[in-house]
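A.B. asks:
Numbering (the numbering used here), first residue to last: 1336 to 1626.
#1: Hey, is residue 1409's beta-carbon within less than 9 Å of any beta-carbon in chain B?
#2: So for residue 1347, helix, strand or coil by DSSP?
#3: Whose C-beta lies closer than 8 Å to the C-beta of residue 1605 among residues of the same chain, with five residues either side of it excluded?
#4: Would you mind giving the Cβ-Cβ distance between residue 1351 and residue 1406, rounded to the nearest angstrom? I have them listed as a contact below 8 Å.
#5: Helix, strand or coil for residue 1593 per DSSP?
#6: May I have a chain-ordered list of the alpha helix (DSSP H) segments no shorter than 4 residues that lie completely inside the segment 1498-1544?
#7: Residues in the same chain with beta-carbon distance under 7 Å from residue 1375, minus the five sequence neighbours each way, listed in chain order, please.
#8: Got a sec? Which residues, its chain only, sit under 8 Å from residue 1609 by beta carbon, not counting five neighbours each side?
#9: Might you give, ordered along the chain, the residues of its own chain that have their beta carbon closer than 6 Å to the beta carbon of residue 1521, omitting 5 neighbours on each side?
#10: With three or more beta-carbon pairs closer than 8 Å as the criterion, would you say the segment 1490-1506 touches the segment 1559-1570?
#11: My output table needs one value for residue 1372: the three-state DSSP class, helix, strand or coil.
#12: My assumption, with CB atoms under 8 Å, is that residue 1571 sits in contact with residue 1515. Please give the rounded CB distance.
#13: Using DSSP's beta-bridge definition, name the partner residues of residue 1492.
#14: With DSSP collapsed to three states, give me the class of residue 1480.
#15: I need the DSSP call for residue 1434, collapsed to helix, strand or coil.
#16: Cα separation between residue 1619 and residue 1424?
#17: Using the Cα positions of residue 1445 and residue 1557, report the straight-line distance between them to the nearest angstrom.
#18: Name the one or two DSSP bridge partners that residue 1461 has.
#19: Which residues in the same chain as residue 1597 place their Cβ atom closer than 7 Å to its Cβ, once the five residues preceding and following it in sequence are excluded?
#20: From this set, 1414, 1469, 1395, which residue's C-alpha is nearest residue 1431's C-alpha?
#21: Taking the Cβ atom as the reference point for each residue, do residue 1359 and residue 1373 lie within a distance shorter than 9 Å?
#22: Give the straight-line distance between the Cα atoms of residue 1527 and residue 1555, rounded to the nearest whole angstrom.
#23: Could you please give me the residues that DSSP links to residue 1427 through a beta bridge?
#24: If you draw a straight line from the C-alpha of residue 1601 to the C-alpha of residue 1429, how long is it?
#25: By DSSP, does residue 1414 sit in helix, in strand, or in coil?
#26: DSSP three-state call for residue 1446: helix, strand or coil?
#27: Rounded to whole angstroms, what is the Cα-Cα separation between residue 1326 and residue 1583?
#28: May I ask you to list the residues that DSSP assigns as paired with residue 1588?
#29: Output the boundary residues of the alpha helix (DSSP H) element that contains residue 1576.
#30: Where does the unbroken beta strand (DSSP E) through residue 1553 begin, and where does it stop?
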């Protein structure tokens, strides 16, 4: 049973005869008659009482007519919905972003996307990069904001590259310095983000390269809370430079870190070789960095 056969059967009933249906669908009477007979043979039931005048449906014919109309209507609805998806008039984008820096980096993209594609819903999940990788692998999100380096299982597009700076209290002895090596903080209390945040790995890897492991005294997921702890003199933190520059806090100072390797390289990533929706492609295009 195929869609075209059902369409021809409906045409026969609607037009009141085989020849009339053939004219309506721009086919031959023989083709229409064979199609209806083929449908009857497939179902093992007579659908049209050929001994009765005109087109008289049997009980089975009435059932098939009702169901066929529903099937064709559902098919048309399916095609319309798919066209709307391709045209970005409806659908959903499942987006995973880290809590750190997303307001600064992605807020303009949110605004542009909403203005251009108001029918697309955005389902946003905020997690650390490690959790976002797991969600991306499982296909639970379409795109994720992830830091480099990434394994080959992910494809990615550049978003931003920023140096990581040390954040200290305004009263810290080194607060007036423009730059220091990370070893200057070897004996300091470190205030880091919660486990699973890739920024921690950047900081800890730099410490290991310089021959020490820091004492971590507190963790949080909130930048503002960490700033308050730092301003109170409870330890030092580390953030991408732009996140310090875009926030006003009189009690802290940012200090550049000497030496290589302290870069925060944010990307938008997806499963390499996986299906990427038109909505996801549209988001990537809006978020693309100018050359």
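For every residue, glycine included, the Cβ atom is placed at its ideal position computed from N, Cα and C.
Remember, predicted model here, so these are calculated numbers, not experimental data.
C.D. replies: Inspection of the coordinates gives the following:
#1: As a matter of chain content, chain B is missing from the structure shown, which is built from one protein chain.
#2: The residue given as residue 1347 occupies position 12 in the chain shown. Correct three-state label for residue 1347: helix.
#3: By 1-based counting over the chain shown, the position of residue 1605 is 270. If we look at residue 1605 and ignore the five residues flanking it on each side, its Cβ neighbours are 1471, 1477, 1478, 1479, 1489, 1490, 1491, 1611, 1615.
#4: Position 16 of the chain shown, counted from the first residue, corresponds to residue 1351. Position 71 of the chain shown, counted from the first residue, corresponds to residue 1406. Contact doesn't hold; Cβ gap of about 22 Å is too wide.
#5: Stepping through the chain shown from its first residue, residue 1593 is reached at position 258. Coil.
#6: 1533-1544
#7: The count along the chain shown starts at 1 and reaches residue 1375 at position 40. Excluding positions up to five away in sequence, the list reads 1381, 1382.
#8: Locating residue 1609 in the chain shown gives position 274, where the first residue counts as 1. The answer, listed in chain order, is 1474.
#9: Your numbering for residue 1521 matches position 186 in the chain shown. If we look at residue 1521 and ignore the five residues flanking it on each side, its Cβ neighbours are 1547.
#10: Flag = yes, the segment 1490-1506 and the segment 1559-1570 touch.
#11: Within the chain shown, residue 1372 is the residue found at index 37, counting from 1. If DSSP states are grouped into helix, strand and coil, residue 1372 belongs with the helices.
#12: Position 236 of the chain shown holds residue 1571. Position 180 of the chain shown holds residue 1515. Contact flag wrong, Cβ pair sits at about 11 Å.
#13: Here residue 1492 refers to the residue found at position 157 when the chain shown is read from its first residue. Answer is 1603.
#14: Reading the chain shown from its first residue, position 145 is the one you call residue 1480. Three-state DSSP puts residue 1480 in a strand.
#15: The sequence position of residue 1434 within the chain shown is 99, counting from 1. Residue 1434 falls in the coil class under three-state DSSP.
#16: In the chain shown, counting from the first residue as 1, residue 1619 sits at position 284. In the chain shown, counting from the first residue as 1, residue 1424 sits at position 89. Taking the straight line from one Cα to the other gives about 17 Å.
#17: Translated into the one-based positions of the chain shown, residue 1445 becomes position 110. Translated into the one-based positions of the chain shown, residue 1557 becomes position 222. Cα to Cα, residue 1445 sits roughly 21 Å from residue 1557.
#18: Locating residue 1461 in the chain shown gives position 126, where the first residue counts as 1. Answer by DSSP bridge pairing, in chain order: 1432.
#19: Your numbering for residue 1597 matches position 262 in the chain shown. Cβ neighbours of residue 1597 beyond the five flanking positions: 1498, 1499, 1537, 1541.
#20: For this step, residue 1431 is matched to residue 96 along the chain shown. When only C-alpha atoms are compared, the closest one is 1469.
#21: Position 24 of the chain shown holds residue 1359. Position 38 of the chain shown holds residue 1373. Result no, Cβ atoms of residue 1359 and residue 1373 do not sit closer than 9 Å.
#22: Residue numbering aside, residue 1527 sits at position 192 when the chain shown is read from its first letter. Residue numbering aside, residue 1555 sits at position 220 when the chain shown is read from its first letter. One C-alpha to the other measures close to 7 Å.
#23: Numbered from 1 along the chain shown, position 92 holds the residue referred to as residue 1427. 1456, per the DSSP bridge assignment.
#24: Stepping through the chain shown from its first residue, residue 1601 is reached at position 266. Stepping through the chain shown from its first residue, residue 1429 is reached at position 94. C-alpha separation (whole angstroms): 18 Å.
#25: By 1-based counting over the chain shown, the position of residue 1414 is 79. Note: residue 1414 maps to helix in three-state DSSP.
#26: As a first step, residue 1446 is located in the chain shown; it is residue number 111 there, counting from the start. Here residue 1446 sits in helix by DSSP.
#27: Coverage of the chain is limited to positions 1336 through 1626, which leaves residue 1326 absent and any answer about it impossible.
#28: Locating residue 1588 in the chain shown gives position 253, counting from the first residue. Residue 1588 is bridged by DSSP to 1503.
#29: On the chain shown, position 241 is the one that residue 1576 refers to. In the DSSP annotation of this structure, the continuous segment of the alpha helix (DSSP H) that includes residue 1576 starts and ends at 1576-1580.
#30: Against the chain shown, residue 1553 aligns to sequence position 218. 1550-1555 is the extent of the beta strand (DSSP E) around residue 1553.
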